[in-house]
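Novice: Let me begin by handing over the structure; questions about it come next.
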Amino acid sequence: MIRSDVTPQDPIDEQPAIGLIGMGGMGTMYAKSLASAGWKKIYVCDQPSKYESLKEQYQDTPGIHVLPDGHGVSRISDWIMYSVEAEYIDRVVAEYGPSTKVGAIVAGQTSVKTPEKEAFEKHLPPDVHIVSCHSLHGPTVSPLGQPLVLIKHRAPESALELVKSILKPLESRFVYLSYEDHDIVTANTQAVTHAAFLSMGTAWASEESYPWEHGYYVKGIETVKVNIMLRIYSNKWHVYAGLAILNPSARIQIDQYARSTTEIYKLMLAGDEEGLRGRIYEARDKVFGTSEGERKRRVPILLTEDIFDRFSLGKPNPGDSPPSGPISRSASGEGGAGGATSVTEAAEGITTQSTRSSPPPYPQCPKGAPPNSHLSLLAMVDCWAHLGIHPYVHLELAATPIFRMWIGVAEYLFRSQKRLDAAIQAALYDVSHRSNDLEFVVAARGWSQCISFGSFELYKERFGKSAEFFKPRFEEATRLGSAMIQAIMDSSPDVRTSS
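Per full-length UniProt numbering, the sequence shown starts with residue 1, numbered consecutively.
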């Protein structure tokens, strides 16, 4: 019987046998972190075809023992974590679940818990405990201080305490949820966020241009957009596909985001200043508060944009100024620049016809940056408002690093009257980048439609086409993105450590 308060410093015969089935990014992160902490009985496996290469990889790593398959891991381990794509969790648990050691504790690292719960209940023996988990961050992010969801589904309190003891060396912040609440929270914090950045990437890839190489997407919150977009596309497609396709709540939110993007863009095309301003202000009040004083009661996540400047992929060109025509379309819309596609060419006719002879002057843009509609951010807050989502609740509960930055960027825009009015003015009157925003609208609707089909193959194909375009910049973006995330974590007033 393993003590629930066991530590890595205890003798090896008193330590639990830790089993990891699936050695992708997260499985590898767990194995290395737990071994570094001092756990000495870590048994891992991946697909049988990878046994020899995996054994060679860990032959000199103390504490990690590679087994041929999940049967061996399941028979010997006191705590077992399935780190398997949600699409395949039922099949893998059906194969290895019946071999689970009597009294063992089983967990899953899937981002969508509904299929995991069904697989565990269907295939695990009744004398096995279920205490699932989910680290709400990627494998390249330090687990220190990050939310780690624990789900005590079918287990005594002592089993939960043992799991906490095993995972304590990660120094993550434990968050206790049910299976059902987990899927709602992850949909609220991740689904729409991913959709926004996937749409940015698709829009920029469609125009075959790296937007940061034109001297505009190189400072402040533009740096956040670029780095997170690249970070998402540098990961494996299935990391996002399962959450979007298998989580019913996620589908609803992604559909609303596409709808918000489209409806805001229509107001821009119509030049409906009263309608656009009223809609954006209403969304701001619902999400961030109805008064200036109420909005300022919370310490902002981003105290200044300057923190991002050292993480830029591009460098500003001397004498940069806002674009004056369609040649410089990369300047400020959500799309990129360069060669126009048929979509952007079609947009030229629309935008030139709607040009006004005397548009109202722009409010002063921060640090002389080109005017930007920030359509992706306007639509995000509008989406939250329409669905009644309160992002700060989820920020305090179980925010991912990307969600934390995205809220920070949104509040940085929306909690400043000057910056928000500049975005609205740009959306209405700076027609030089209207075609870029159209690319973003088309991309957002395309991703929503793709996810509604429920096809993993279609998702993979769409993701892969955009990812291929940005592939040459992944290594640098991953390095800068990790540093940027850590900088935000270090500067955020509400980041807490494990408890």
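No residue lacks a Cβ here, since even glycine has one placed at the ideal position from N, Cα and C. Remember, it's a predicted structure, so these values are computed and weren't measured experimentally.
Flag this pair as touching only if the region 467-479 and the region 271-282 have three or more C-beta atom pairs under 8 Å; answer yes or no.
Specialist: A contact is defined here as three or more CB-CB pairs under 8 Å, and the region 467-479 fails this definition with respect to the region 271-282.
Novice: Straight-line CA distance for L458 to C450?
Specialist: Start at 1 with the first residue of the sequence shown, and residue 458 comes out as number 458. Start at 1 with the first residue of the sequence shown, and residue 450 comes out as number 450. Whole-angstrom Cα-Cα distance: 7 Å.
Novice: Out of Y176, T193 and K101, state which residue places its alpha-carbon closest to the alpha-carbon of C133.
Specialist: Residue mapping note: residue 133 aligns to position 133 of the sequence shown, counting from 1. It is Y176 whose Cα lies nearest to the Cα of C133.
Novice: Since I believe A37 is in contact with P62 (beta carbons under 8 Å), could you give me their beta-carbon distance rounded to a whole number of angstroms?
Specialist: As a working mapping, residue 62 is identified with position 62 in the sequence shown. As a working mapping, residue 37 is identified with position 37 in the sequence shown. Rounded, the Cβ-Cβ distance is 12 Å, inconsistent with contact.
Novice: Under 6 Å Cβ to Cβ from R419, same chain only, skipping five residues before and after it: list those, please.
Specialist: Along the sequence shown, read from residue 1 onward, the residue named residue 419 stands at position 419. Same-chain partners within the cutoff: L413.
Novice: DSSP state of residue 502, grouped into three classes?
Specialist: It is not possible to answer for residue 502, since the shown part of the chain is limited to 1 through 499.
Novice: When burial is assigned at 16 or more other CB atoms within 10 Å of the CB, is A94 buried or exposed?
Specialist: In the sequence shown, residue 94 corresponds to position 94, counting from 1. Exposed: under 16 other Cβ atoms inside 10 Å.
Novice: So what does H134 bridge to, in DSSP terms?
Specialist: Taking the first residue of the sequence shown as position 1, residue 134 is located at position 134. V149.
Novice: Is the Cβ-Cβ distance between A398 and P147 less than 8 Å?
Specialist: Position 398 of the sequence shown, counted from the first residue, corresponds to residue 398. Position 147 of the sequence shown, counted from the first residue, corresponds to residue 147. Yes.
Novice: Give a yes or no on whether the C-beta atoms belonging to G108 and Y88 are separated by under 8 Å.
Specialist: The count along the sequence shown starts at 1 and reaches residue 108 at position 108. The count along the sequence shown starts at 1 and reaches residue 88 at position 88. The answer is no: Cβ separation not under 8 Å.
Novice: What is the rounded straight-line gap between the Cα of L198 and the Cα of T290?
Specialist: On the sequence shown, residue 198 is found 198 positions in, with the first residue counted as 1. On the sequence shown, residue 290 is found 290 positions in, with the first residue counted as 1. Distance between the alpha carbons of L198 and T290: 31 Å.
Novice: Would you mind listing the alpha helix (DSSP H) stretches within the region 12-67 that are 4+ residues and don't spill past its ends, in chain order?
Specialist: 25-37 and 51-57
Novice: Is it a yes or a no for the region 234-251 touching the region 389-408, going by three-plus beta-carbon pairs under 8 Å?
Specialist: no
Novice: Judging by CA-CA distance, which residue of A86, S74 and K41 is the nearest neighbour of P125?
Specialist: Looking up residue 125 in the sequence shown gives position 125. Minimum Cα distance to P125 is reached at S74.
Novice: Of all the options H390, C45, D13 and A17, which has the alpha carbon lying nearest to the alpha carbon of T28?
Specialist: Stepping through the sequence shown from its first residue, residue 28 is reached at position 28. It is C45 whose Cα lies nearest to the Cα of T28.
Novice: Comparing C-alpha positions only, which one of M23, D437 and I105 sits nearest to T262?
Specialist: Translated into positions along the sequence shown, residue 262 becomes position 262. Closest by alpha carbon: D437.
Novice: Can you list, in chain order, the residues of its chain whose CB lies under 6 Å from that of R462, leaving out five sequence neighbours each side?
Specialist: Here residue 462 refers to the residue found at position 462 when the sequence shown is read from its first residue. Result list for R462: C450, in chain order.
Novice: With a threshold of 7 Å on Cβ separation, who are the neighbours of residue 524 within its own chain once the five nearest residues in sequence on each side are excluded?
Specialist: The structure shown does not extend to residue 524, since the chain spans only 1 to 499, so no value can be given for it.
Novice: Helix, strand or coil: which one does DSSP assign to V218?
Specialist: Walking along the sequence shown from the start, residue 218 turns up at place 218. With a pLDDT of only 48 at V218, under 50, the local geometry of the prediction cannot be trusted, and no value is derived from it.
Novice: Output needed for Y257: all residues of its chain with C-beta closer than 8 Å, excluding positions within five of it in sequence on either side, in chain order.
Specialist: Translated into positions along the sequence shown, residue 257 becomes position 257. Closer than 8 Å at the Cβ level, and outside the excluded window around Y257, lie V192, A195, A196, A379, M380, C383, A444 and S448.
Novice: Kindly identify the DSSP beta-bridge partner or partners of V106.
Specialist: Start at 1 with the first residue of the sequence shown, and residue 106 comes out as number 106. According to DSSP, V106 bridges with I80 and I130.
Novice: Under 8 Å, do E55 and I18 count as touching if we go by C-beta distance?
Specialist: In the sequence shown, counting from the first residue as 1, residue 55 sits at position 55. In the sequence shown, counting from the first residue as 1, residue 18 sits at position 18. The displayed chain sequence assigns Lys, not Glu, to residue 55. Going by C-beta atoms, K55 is not nearer than 8 Å to I18.
Novice: Looking only at its chain, what residues have a beta carbon closer than 6 Å to the beta carbon of G97, apart from the 5 residues adjacent to it on each side?
Specialist: Position 97 of the sequence shown, counted from the start, is the residue given in the question as residue 97. Correct list, in chain order: H123 and L124.
Novice: Which ranges would you report for the alpha helix (DSSP H) in the region 225-289 if only whole runs of at least 4 residues count?
Specialist: Secondary structure in the region 225-289: the alpha helix (DSSP H) runs of 4 residues or longer, each lying completely within the stretch, are 238-246, 248-270 and 273-288 in chain order.
Novice: Just how far apart, CA to CA, sit V131 and I184?
Specialist: Within the sequence shown, numbered from 1, the residue matching residue 131 stands at position 131. Within the sequence shown, numbered from 1, the residue matching residue 184 stands at position 184. If I take the Cα positions, the gap works out to 18 Å.
Novice: Would T202 pass as a contact of S466 if the rule is Cβ separation under 8 Å?
Specialist: Translated into positions along the sequence shown, residue 202 becomes position 202. Translated into positions along the sequence shown, residue 466 becomes position 466. Taking 8 Å as the Cβ cut-off, T202 and S466 qualify as a contacting pair.
Novice: Mind checking residue 529: buried by the 16 CB within 10 Å criterion, or exposed?
Specialist: As displayed, the chain neither begins before 1 nor continues past 499, which places residue 529 out of reach and without an answer.
Novice: Checking 8 Å against the spacing of the C-beta atoms, do A104 and D78 come in under that value?
Specialist: Counted from its first residue, the sequence shown places residue 104 at position 104. Counted from its first residue, the sequence shown places residue 78 at position 78. Yes; because the gap between Cβ atoms is below 8 Å, this pair is in contact.
Novice: What number of angstroms, rounded off, separates the C-alpha of Q15 from the C-alpha of K101?
Specialist: For this step, residue 15 is matched to residue 15 along the sequence shown. For this step, residue 101 is matched to residue 101 along the sequence shown. K101 has its alpha-carbon roughly 16 Å from the corresponding atom of Q15.
Novice: For S33, which residues from the same chain have a beta carbon less than 8 Å from its beta carbon, with the 5 sequence-adjacent residues on both sides left out?
Specialist: Sequence index remark: in the sequence shown, residue 33 carries index 33 (1-based). If you ignore the 5 residues before and after S33, its C-beta comes within less than 8 Å of the C-beta of P143, P169 and L170, all in its own chain and listed in chain order.
Novice: Per DSSP, what are the beta-bridge partners of V175 in this structure?
Specialist: Here residue 175 is taken as the residue at index 175 of the sequence shown, counted from 1. Partner(s): V149.
Novice: Just to confirm before moving on: does the CB-CB distance between S249 and A187 stay below 8 Å?
Specialist: As a working mapping, residue 249 is identified with position 249 in the sequence shown. As a working mapping, residue 187 is identified with position 187 in the sequence shown. Yes, the Cβ-Cβ distance between S249 and A187 is below 8 Å.
Novice: Determine, using beta carbons only, whether V106 and H129 come nearer to each other than 8 Å.
Specialist: Start at 1 with the first residue of the sequence shown, and residue 106 comes out as number 106. Start at 1 with the first residue of the sequence shown, and residue 129 comes out as number 129. A contact, by the Cβ cut-off of 8 Å.
Novice: Which residue from R231, V287 and N247 puts its Cα closest to that of T478?
Specialist: Residue mapping note: residue 478 aligns to position 478 of the sequence shown, counting from 1. Out of R231, V287 and N247, R231 has the C-alpha closest to the C-alpha of T478.
Novice: So, with DSSP's three-state summary, where would you put R154?
Specialist: Counting from 1 along the sequence shown, the entry for residue 154 is found at position 154. Strand at R154.
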